[in-house]
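Residue numbers (the numbering used here), protein chains in the order written: chain C, 546 to 1026; chain L, 546 to 1026.
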């Protein structure tokens, strides 16, 4: 199936070997590189710029909704990590331990944070006294470490980058509202910035975060039909509040328990973006996250006036979008291939004939369609509209594929057939965790979520496909990353 | 000496116990808090906001000068750290070591980066091949860990935050230019943003960075007369280039060595800012780094129209500055004291009488001066000018104190007398490291830098104060943090 189209850097076709295609794109589009520590990647300039853009979008949303950034240490003393029982059980097996400082062995070994609930809760206990101190709406931008056996750039790395929000509230209901507000904020980032369609819902008891009361998730399908959990938001109930004895005096002066929530968005989302949108020519960047939205490629740039015009065009455009001129001494054909590999949403080709004719050729990265546009003061508007069109079309393409690959199973047999074919399989389930275990063992699939869209389904008389009990959930299932 | 002025939160006077005063300000202005890991601090919302502002200023400067952000792993395999001999000798004693991942012992232990030269150099070797690939101008925003015995918030913490720039160049001269350009960028940040006057110059061989060819430094005096090294920039020569075998093909195709530089600016600068500007009422924030520049305090806010007017005023002002209204239910006197503790550059008091009279009372945090300003459309301009005046006055005050505490020693005896009195002591030195050791042992002082201002001094016939040899350097000396 691999077509040879004379690209500058050949990559594996995604239909031939999706895993190899994926790492080819990550490396050859220069998003990341391997480091000498297994499972840790180097984020190269474009990879870092993508994360910075996501950070900017999320940070702006968080600040506008009253959240404040703080910064906790990267270390957690072992005794502190042990305070919430379910939490430590979930995380201990994948913790990296610091045992020595210089040449001295530490009295107590330190975990490098796999997540920071316990650090925030210890701090909350110190700063929360009265109902006036609530809610506390904190967030931090850091990296965390989880010792993983099988790693893959962006999707699963030993060290990864994220924001982790940690909030404290007077009531369970307020914690629940925060949890859902943040889930919705993540849906906005996925759909409106990354052009990734989301199925949002509740995780099963088995799949929820270690220590949570409820975990909500944003799930999406990759090109190969496997699911990706792209962001999660947890209502932690009073689990951590009780374990850390965080209380406040209510308006009547009565001591009350605090309820907490936590929510995170990681560099994994960049892996999802690649697996949803990119193709056999390389990376395809959604316009609203692309560090460079328009790449200008001068044709016959040695000819008088061409480079000047290219820079003039850049100056005109960059008030409305991010623009770069490729003035390197490579041939245009090479520049085109490289532009396709690196995924710039729009490539603008401009040569002596274009300048004379007063137009410019815009090439969409997503469809490779060529569009001739007048070289005048309306070009900014035309390209701004084109960037929006590209975003909308990329989202629509991904949504259509996801919808097509989402099917309802009516029997156990059909369920396993559909799971083998890939995509989301929706099926009625009693909630019995033994069923989840059996399905995972038999097919490798896991319950992804009880989507909001199915939470009002009438399940009267509907049975669990596997154990015949009354169904409680129309659940999304899939093999997942 | 401690005056009792009825502050909300009494703090130690800086003339009574400077060290205690400093931690009082850090904690009571809510910049940071202690964590359960010794030597690691929690940056609270204001502390984090200060660092974010510095990050924004520096990042903008770096991107405008062609630098790109990347992200390296936090781990360095022990064998990699050992590659540059001087470098490892300097850092090994203070490295935190990860020895276990989950319940498995690692085959090779991993250092948590104390600095990342070796990680960048390993990557440079992979990406640099031709003169076309140079220069490489990289930077990253991360935290690093150095296992310190004596720690103090911001000034010396086990984990601290910084940007570390790492660049590769074709020639020594280009590396030198980069080193000095970045030093100058840091001077801009210190003087124009933090209002901290800088003495810039070259470090001695003994005091330079482990592995550097030359280290340039920005030094400044704290209120107590001790010096602080606030930022450094290193020309690493070909030391790392050779140790890591980073070469490139020049225009003639000949293989050449690469020269590198590195430079860093840390959260320590916030400690310097506190120790230069703050006073017995608490924090004094320089206006250009203050997260909130103007705090509006409504007087008799229960009276009709007062709070509305306060918010209206905020809306008018916030197009030009950052403004917050303190609408809490505390008494104005408490609000004033709290505003002084937290260091807002300008406090605006507005009550029914002010509204009726059409004016507002502005109180400068630096001088506590009260200024009546008309409540009209010119207020934005007046306050913008006042913020600039405050910046300039704060800088001038710090500069005058630094100049006053900078004296030239003419004899060995006078040198040690002046060192005991505090401040910078300038004295002629041969460059003999034995003299530095003797001075440190006898007085605790160290050579701070050979300042640029003294590099053209005519030292004909001038002798080293301690060993009588010909003087080569008019050196700044001081006790330092």
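Each residue gets a CB set at the ideal place from its N, CA and C atoms; glycine is no exception.
CB contact check: residue i to chain L, cutoff 8 Å
i: residue 647/C; result: yes
i: residue 644/C; result: yes
i: residue 711/C; result: no
i: residue 620/C; result: yes
i: residue 603/C; result: no
i: residue 657/C; result: yes
i: residue 597/C; result: yes
i: residue 747/C; result: no
Under 8 Å between C-beta atoms of residue i and residue j
i: residue 603/L; j: residue 655/L; result: no
i: residue 683/C; j: residue 728/C; result: no
i: residue 755/C; j: residue 632/C; result: yes
i: residue 816/C; j: residue 699/C; result: yes
i: residue 954/L; j: residue 980/L; result: no
i: residue 805/C; j: residue 712/C; result: yes
i: residue 645/L; j: residue 644/C; result: yes
i: residue 724/C; j: residue 779/C; result: yes
i: residue 577/L; j: residue 764/L; result: no
i: residue 671/L; j: residue 788/L; result: no
i: residue 876/L; j: residue 810/L; result: no
i: residue 973/L; j: residue 932/L; result: no
Cutoff 8 Å: residue i Cβ touching any chain C Cβ
i: residue 826/L; result: no
i: residue 671/L; result: yes
i: residue 641/L; result: yes
i: residue 1020/L; result: no
i: residue 900/L; result: no
i: residue 613/L; result: yes
i: residue 773/L; result: no
i: residue 638/L; result: yes
i: residue 668/L; result: yes
i: residue 660/L; result: no
i: residue 626/L; result: no
i: residue 559/L; result: no
i: residue 926/L; result: no
i: residue 616/L; result: yes
Buried versus exposed, by CB contacts within 10 Å (16 or more), residue i
i: residue 731/C; result: buried
i: residue 586/L; result: buried
i: residue 864/L; result: exposed
i: residue 559/L; result: buried
i: residue 1021/C; result: buried
i: residue 983/L; result: exposed
i: residue 733/C; result: exposed
i: residue 748/C; result: buried
i: residue 674/L; result: exposed
Helix, strand or coil at residue i [DSSP, three-state]
i: residue 813/L; result: helix
i: residue 705/L; result: strand
i: residue 744/C; result: strand
i: residue 807/C; result: strand
i: residue 615/C; result: coil
i: residue 861/C; result: helix
i: residue 675/L; result: strand
i: residue 585/C; result: coil
i: residue 854/L; result: helix
i: residue 700/C; result: coil
i: residue 566/C; result: helix
i: residue 833/C; result: coil
Check your understanding: Relative to chain L, which residues along the segment 567-595 of chain C have a C-beta separation below 8 Å, given in chain order?
Key -> Of all residues in the segment 567-595 of chain C, the ones placed with a Cβ closer than 8 Å to any Cβ belonging to chain L are 578, 580, 581, 582, 585, 586, 587, 588, 589, 590, 592, 593 and 594, in chain order.
Practice item. Please list the residues of the segment 689-704 of chain L that have a C-beta atom closer than 7 Å to any C-beta atom in chain C, keeping them in chain order. Key: Hits within the stretch, in order: 692 and 704.
Check your understanding: Any residues in the segment 988-1000 of chain L with a beta carbon nearer than 7 Å to a beta carbon of chain C? Which ones, in chain order?
Key -> From the segment 988-1000 of chain L, no residue has a Cβ closer than 7 Å to chain C.
Review point. Which residues, taken in chain order from the segment 812-838 of chain L, show a beta carbon closer than 8 Å to some beta carbon of chain C?
Key: Taking 8 Å as the Cβ-Cβ cut-off against chain C, none of the residues of the segment 812-838 of chain L qualify.
Review point. Which residues, in order along the segment 716-741 of chain C, keep a beta-carbon less than 7 Å from a beta-carbon of chain L?
Key: Hits within the stretch: zero.
**Study point:** Cβ-based contacts, 8 Å cut-off: residues of the segment 876-887 of chain C near chain D
**Key:** Looking for chain D here will not work: the only protein chains present are C and L.
Point to revise | Near-chain C residues of the segment 762-789 of chain L - C-beta to any C-beta below 9 Å | key: Residues of the segment 762-789 of chain L that bring their beta carbon within less than 9 Å of a beta carbon in chain C are absent altogether.
Check your understanding: For the segment 930-942 of chain C, which residues have a CB atom closer than 9 Å to at least one CB atom of chain L, in sequence order?
Key -> Of all residues in the segment 930-942 of chain C, none has a Cβ within less than 9 Å of some Cβ in chain L.
Check your understanding: Taking Cβ-Cβ distances below 7 Å as the criterion, which residues of the segment 839-871 of chain L are in contact with chain C?
Key -> Per Cβ criterion, the list is empty.
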